[in-house]
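Presented below is the structure to which this report refers.
Numbering (the numbering used here), first residue to last: 1459 to 1673.
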């Protein structure tokens, strides 16, 4: 699996491009902004996106989607049902987030669902807390955590749809993942699951009794 990170938009959101399985095809995770730069990079690499995956529904993770869908017609967008920007409606995340025209060809995903895209098997893990529909994507040795888990930190729960108790449960679930994974968060630097279990104060309290592999 090849993973390219692009840091985009005013919130320095991490957009990830996954490729290497199916010749000329890739997956976009959280294309936050700068659609033209994303398009140029893909063209230079001779890659065509097969799908867009959203870790959650905050606009700073999908602002480039409408323009990308103009470049590649019918490009599907996968997002948890609780966070989906619905077709032909406007999606307002509240707080500092502006109203954004909704996306087209949105496909709702759920807990435990398996997706097969660009040659990869992708497992969806629902981790509410930052938003009601926040998810992780487990792809081979990579864990794409959006704004649920960061390097030595976690996502905020004080936006509309955020919930401290749900975040607590989601962090417990993450602590129960056996083995090590490269962690690709929605903002800031990359990390590993083993490092987060050891050093992230929000995960440490759960790790002594973690025991099951989520897959």
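For glycine and all other residues, C-beta sits at the position ideal for the given N, C-alpha and C.
Neighbourhood of residue 1534 by C-beta distance below 6 angstroms, restricted to the same chain and skipping five residues each side
Excluding positions up to five away in sequence, the list reads 1509, 1563, 1565.
Short of 7 angstroms in beta carbon distance, which residues of its chain neighbour residue 1661, apart from the five on each side in sequence? Order them along the chain.
1629, 1632, 1633, 1654, 1655.
Considering only DSSP beta bridges, list what residue 1575 is partnered with.
Per DSSP, 1578.
The alpha helix (DSSP H) spanning residue 1509 covers which residue range?
Residue 1509 -> not in any alpha helix (DSSP H); beta strand (DSSP E) instead, spanning 1506 to 1511.
Out of 1643, 1507, 1514, 1578, point me to the one whose CA is closest to residue 1532's CA.
If we check each option's Cα against that of residue 1532, 1507 comes out closest.
Taking 8 angstroms as the cut-off, decide whether the C-beta atoms of residue 1577 and residue 1498 are in contact.
Not in contact: residue 1577 and residue 1498 (Cβ atoms no closer than 8 angstroms).
Where does residue 1537 sit, in a helix, a strand or coil, going by DSSP?
Look at residue 1537 here: in three-state DSSP terms it is strand.
For residue 1561 and residue 1512, I'd like the C-alpha separation in whole angstroms.
Residue 1561 and residue 1512: Cα-Cα distance of roughly 12 angstroms.
Based on DSSP bridge pairs, tell me the residues matched to residue 1483.
Per DSSP, 1506.
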